[in-house]
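Chains as they are written, first to last, in full-length UniProt numbering: chain D, 1 to 284; chain F, 1 to 284.
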């Protein structure tokens with residue numbers, strides 16, 4: 001049996017009882033290490049699970065799925081995924097391959113940013129499509145997120161923006177020379193996301209949002225020291241929410257009074273929050 | 001400390017290690033029993049947790065939040081919520097009340113239908129707003145879901161429809177007479193949802209979708225006997241997906257080839273699936 005097991009958001013104790021039982025009895029356990037990061041290290045997981053785990057980087061999962069699946073007709077093989085196995089990546093290709101090999105599979109779900117974001121106080125019902133924000137470079141400043149955000153805003157919906165993570169990246173020079181030397185990991189901050197959003201709005205000028213649009217910066221969601229900060233995009237573009245991971249929620253018009261009361265509590269500046277709310281939503 | 005603890009989707013082993021640790025040490029543990037149902041009984045939970053739990057029905061949570069919060073300044077009080085605590089209900093009012101009483105709170109997240117639905121094979125990124133479908137009665141046939149579905153469809157997005165649950169309902173007569181006699185629980189099926197959708201489309205005639213639109217029926221998501229069935233709304237309106245809980249996903253245009261390959265595997269009729277796909281999406 002192939003098991004896809006969600007690890008949840010923060011540390012080794014976020015796995016479910018059902019998940020831990022499989023981890024302890026499986027023949028091989030892989031940890032998928034490229035689409036997201038858990039906030040703890042591999043050796044801490046191994047100690048807690050009482051067994052060894054194999055790091056599965058992008059190369060392994062994408063090009064060696066048969067290695068991962070080997071023996072899974074008879075033995076149990078588990079792949080651990082930070083968050084839920086069907087969060088950012090659906091693992092559809094791996095499951096199609098398993099199906100072709102007649103290997104049964106089961107998923108043990110867990111929280112991911114896609115549902116835990118409800119902890120910011122906004123109803124999940126009123127979120128539109130989720131959007132990814134990548135690090136801009138000098139030559140690559142993709143603005144495709146903009147249209148998605150506008151589509152959500154036009155029908156009054158909130159937008160969850162998932163922020164870029166660069167782990168195990170090679171510089172162009174090291175890539176060309178075939179040197180397996182990796183850059184320091186980088187995690188996009190709420191401030192960087194807000195800056196990039198404002199840059200693209202000022203370039204496009206279509207008014208999908210403005211520097212006075214209200215948003216919520218979120219960091220380390222699901223951990224004991226998670227943080228929420230609300231404010232205008234301009235305010236958030238200078239906010240410091242500390243260590244990664246960060247995400248951002250841009251507010252839509254569909255908000256209830258209770259929700260506003262809730263998110264105002266963690267406003268960077270309550271006066272500015274109320275003024276911005278009055279402009280975009282009509283009342284405070 | 002007030003703890004909101006998600007129980008996940010299916011049985012007693014879906015709680016996280018962190019959640020179980022709190023349940024075992026808390027002074028009081030409530031089980032919120034009205035916004036959703038777990039697929040197992042209270043006594044099985046109590047046996048697994050090794051402690052007693054208090055059922056918190058709608059009355060208790062809404063009108064007696066101070067009873068629940070009593071003592072939580074110094075002791076640990078836990079509220080167990082099926083799925084994730086920020087799924088269907090945000091518990092914003094309870095948290096605002098806790099804040100007013102200066103009671104700290106923490107959430108221990110878990111999977112909910114809002115993220116686990118990714119297991120149907122469609123990318124979560126391409127879902128729009130989530131919609132609720134209530135049981136129609138002779139005199140009440142609310143069609144507000146229709147506009148939301150249309151908004152999603154117009155921008156190519158999928159729609160997750162959460163289906164009505166009637167638990168602890170009183171008949172009008174028993175309600176008037178003040179008799180605490182409750183009707184048998186009812187859970188909407190995929191077939192009933194598809195029928196109601198088609199009824200409203202034929203009434204409105206705005207073409208948000210049609211009887212040939214493709215959808216996925218989902219039952220018992222997250223359990224060992226979960227089931228996915230894909231087909232047109234017409235086909236799904238006669239589908240039998242067995243025991244509750246059911247949900248339905250109406251497809252949008254944004255689908256990748258791999259996703260189609262994946263969901264075609266559980267089509268009620270592959271020929272009909274391919275024909276419907278060709279009509280709405282242009283190619284197979």
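Note that CB positions come from ideal geometry on N, CA and C, so glycine has one too.
One or two residues paired with residue i in a DSSP bridge
{"i": "residue 132 of chain D", "result": "D:162"}
{"i": "residue 16 of chain F", "result": "D:16"}
{"i": "residue 32 of chain F", "result": "F:56 and F:81"}
{"i": "residue 175 of chain D", "result": "Looking at the DSSP assignment, residue 175 of chain D forms no beta bridge with any residue, so it has no partner."}
{"i": "residue 3 of chain F", "result": "F:78 and F:106"}
{"i": "residue 8 of chain F", "result": "F:83"}
{"i": "residue 127 of chain D", "result": "D:158"}
Reference residue i; option with closest CA among the options
{"i": "residue 161 of chain D", "options": "D:223, D:167, D:181 and D:233", "result": "D:233"}
{"i": "residue 197 of chain D", "options": "D:186, D:184, D:214 and D:185", "result": "D:214"}
{"i": "residue 222 of chain D", "options": "F:16, F:48 and F:11", "result": "F:16"}
{"i": "residue 112 of chain D", "options": "D:230, D:130, D:106 and D:102", "result": "D:130"}
{"i": "residue 150 of chain D", "options": "D:70, D:219, D:209 and D:82", "result": "D:209"}
{"i": "residue 271 of chain F", "options": "F:4, F:230, F:180 and F:176", "result": "F:230"}
{"i": "residue 178 of chain F", "options": "F:164, F:169 and F:211", "result": "F:169"}
{"i": "residue 9 of chain D", "options": "D:84, D:278, D:207 and D:61", "result": "D:84"}
{"i": "residue 133 of chain D", "options": "D:191, D:14 and D:106", "result": "D:191"}
{"i": "residue 227 of chain D", "options": "D:139, D:103, D:246 and D:109", "result": "D:246"}
{"i": "residue 122 of chain F", "options": "F:275, F:278 and F:258", "result": "F:258"}
{"i": "residue 249 of chain F", "options": "F:207, F:268, F:163 and F:278", "result": "F:163"}
{"i": "residue 207 of chain F", "options": "F:183, F:153 and F:94", "result": "F:153"}
{"i": "residue 50 of chain F", "options": "F:69, F:25 and F:202", "result": "F:25"}
{"i": "residue 194 of chain F", "options": "F:236, F:219 and F:174", "result": "F:236"}
{"i": "residue 53 of chain F", "options": "F:63, F:181, F:70 and F:29", "result": "F:29"}
{"i": "residue 180 of chain D", "options": "D:224, D:254 and D:172", "result": "D:172"}
{"i": "residue 42 of chain D", "options": "D:7, D:62, D:75 and D:71", "result": "D:7"}
{"i": "residue 61 of chain F", "options": "F:155, F:92, F:47 and F:74", "result": "F:92"}
{"i": "residue 69 of chain D", "options": "D:55, D:167 and D:105", "result": "D:105"}
{"i": "residue 31 of chain D", "options": "D:55, D:23 and D:269", "result": "D:55"}
{"i": "residue 22 of chain D", "options": "D:76, D:125, D:47 and D:63", "result": "D:76"}
{"i": "residue 274 of chain F", "options": "F:212, F:252 and F:244", "result": "F:212"}
{"i": "residue 114 of chain F", "options": "F:102, F:96, F:87 and F:97", "result": "F:87"}
{"i": "residue 99 of chain F", "options": "F:2, F:216 and F:78", "result": "F:2"}
{"i": "residue 269 of chain F", "options": "F:239, F:225, F:159 and F:136", "result": "F:239"}
{"i": "residue 187 of chain F", "options": "F:157, F:136 and F:156", "result": "F:136"}
{"i": "residue 158 of chain F", "options": "F:18, F:128, F:80 and F:218", "result": "F:128"}
CB contact below 8 Å: residue i versus chain D
{"i": "residue 260 of chain F", "result": "no"}
{"i": "residue 265 of chain F", "result": "yes"}
{"i": "residue 225 of chain F", "result": "no"}
{"i": "residue 45 of chain F", "result": "no"}
Residue-level contact to chain F via CB, residue i, 8 Å cutoff
{"i": "residue 246 of chain D", "result": "no"}
{"i": "residue 127 of chain D", "result": "yes"}
{"i": "residue 124 of chain D", "result": "yes"}
{"i": "residue 109 of chain D", "result": "yes"}
{"i": "residue 277 of chain D", "result": "no"}
{"i": "residue 115 of chain D", "result": "yes"}
{"i": "residue 222 of chain D", "result": "yes"}
{"i": "residue 118 of chain D", "result": "yes"}
{"i": "residue 112 of chain D", "result": "yes"}
{"i": "residue 130 of chain D", "result": "yes"}
{"i": "residue 121 of chain D", "result": "yes"}
Near-chain D residues of the segment 93-107 of chain F - C-beta to any C-beta below 9 Å: 93, 95, 96, 99, 106 and 107
Ranges of the alpha helix (DSSP H) found wholly within the segment 179-242 of chain F, counting only runs of at least 4: 190-204 and 233-236
Interface residues of the segment 4-19 of chain D facing chain F [CB-CB below 7 Å]: 6, 8, 9, 13, 14, 15, 16, 17 and 18
The segment 156-169 of chain F: positions lying closer than 7 Å to chain D by Cβ: 157
Within the segment 238-276 of chain F, ranges of the alpha helix (DSSP H) (whole runs, at least 4 residues): 257-264
Selection of the segment 134-154 of chain F by Cβ proximity to chain D, strictly under 7 Å: 151
Contact residues within the segment 62-92 of chain F, judged by C-beta distance below 7 Å to chain D: 84, 86, 87, 90 and 92
Short-range partners of chain F found in the segment 175-208 of chain D, where Cβ spacing is below 8 Å: none
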